[in-house]
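A.B. asks: In UniProt numbering, the protein residues as written are 1 to 277. Every residue, glycine too, gets a C-beta built ideally from N, C-alpha and C. My structure is below; once you've seen it, I'll send some questions.
Below is the structure:
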């Protein structure tokens, strides 16, 4: 398990490119027949990726770092399939997962396994996990069942569709909020005008990008902005004091996950464009 520690904004503004990447960027999440885990001390987030090809993979706790007998002993998890068709089995119950389907699994579930329907065209399971204090039921939502919200405009290069999966009016959880945003062709900007939310941290996972495309992910305090260059299937940790927006060389899709003080999607501290530096 890769460990990422919290960073003070006064220090971050002095970081060079390599240090920004080391602290906030998750460069690789998918390795064949492995479960990859990154533990962030910011809101005790665990970010992970599972790529089952020829094997069925089990989600297990890192005993040293988590001090738990099983992964969801004190946690909840949201998982979105960003690959081909596969299955997730939760304590014996099998859930079929098509591309962009989401499943929430609550506190106390003991055995979680992942498999692909076709080893040559595998599923890729991306997940966010946060501490939990109450058990909520396991719920799967197919993308075809999710209610899309169409926002933005081609005039501002941010015409997009947002799918909210785990939130106050959707799948119930203790603190995890999770969803997905798809930018339409010809649109490159996300989360601009930007904002912070000092009550919650966030993680972005960028995917559905061409091999030679990049997203310039903006971060830092509004008056001390920085950027991290993101490529396909990479994630970036956004602490609560940081903006989180980006612009790409192509349209793309990203998964957003939040944890912290509350679950209110609209709880944002807007940053005026004139105040960005």
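What does the Cβ neighbour count give for residue 151, buried or exposed, with the cut at 16 atoms within 10 Å?
C.D. replies: exposed
A.B. asks: Got a sec, what are the start and stop residues for the alpha helix (DSSP H) residue 64 sits in?
C.D. replies: 63-66
A.B. asks: Count the C-beta pairs between the region 40-51 and the region 12-22 that are closer than 8 Å, then say yes if the count reaches three, no if not.
C.D. replies: no
A.B. asks: Quick one: Cα of residue 194 to Cα of residue 201, how far?
C.D. replies: C-alpha separation (whole angstroms): 14 Å.
A.B. asks: Using three-state DSSP, classify residue 171 as helix, strand or coil.
C.D. replies: strand
A.B. asks: Our contact map puts residue 6 next to residue 222 with C-beta atoms below 8 Å; I'd like the distance itself, whole angstroms only.
C.D. replies: Their Cβ separation, rounded to whole angstroms, is 19 Å, which puts residue 6 and residue 222 out of contact at 8 Å.
A.B. asks: Which of helix, strand or coil does DSSP assign to residue 19?
C.D. replies: helix
A.B. asks: How many Å lie between residue 134 and residue 155 at the Cα?
C.D. replies: 44 Å
A.B. asks: For residue 124, count neighbouring Cβ atoms within 10 angstroms of its own Cβ and tell me buried if that reaches 16, exposed if not.
C.D. replies: buried
A.B. asks: Please go through the region 37-115 and give each complete alpha helix (DSSP H) segment of 4 or more residues, from N-terminal end onward.
C.D. replies: 63-66
A.B. asks: How big is the Cα-Cα spacing for residue 169 and residue 264?
C.D. replies: 10 Å
A.B. asks: To which residues does DSSP link residue 29 through a beta bridge?
C.D. replies: Answer is none; residue 29 lacks a bridge partner.
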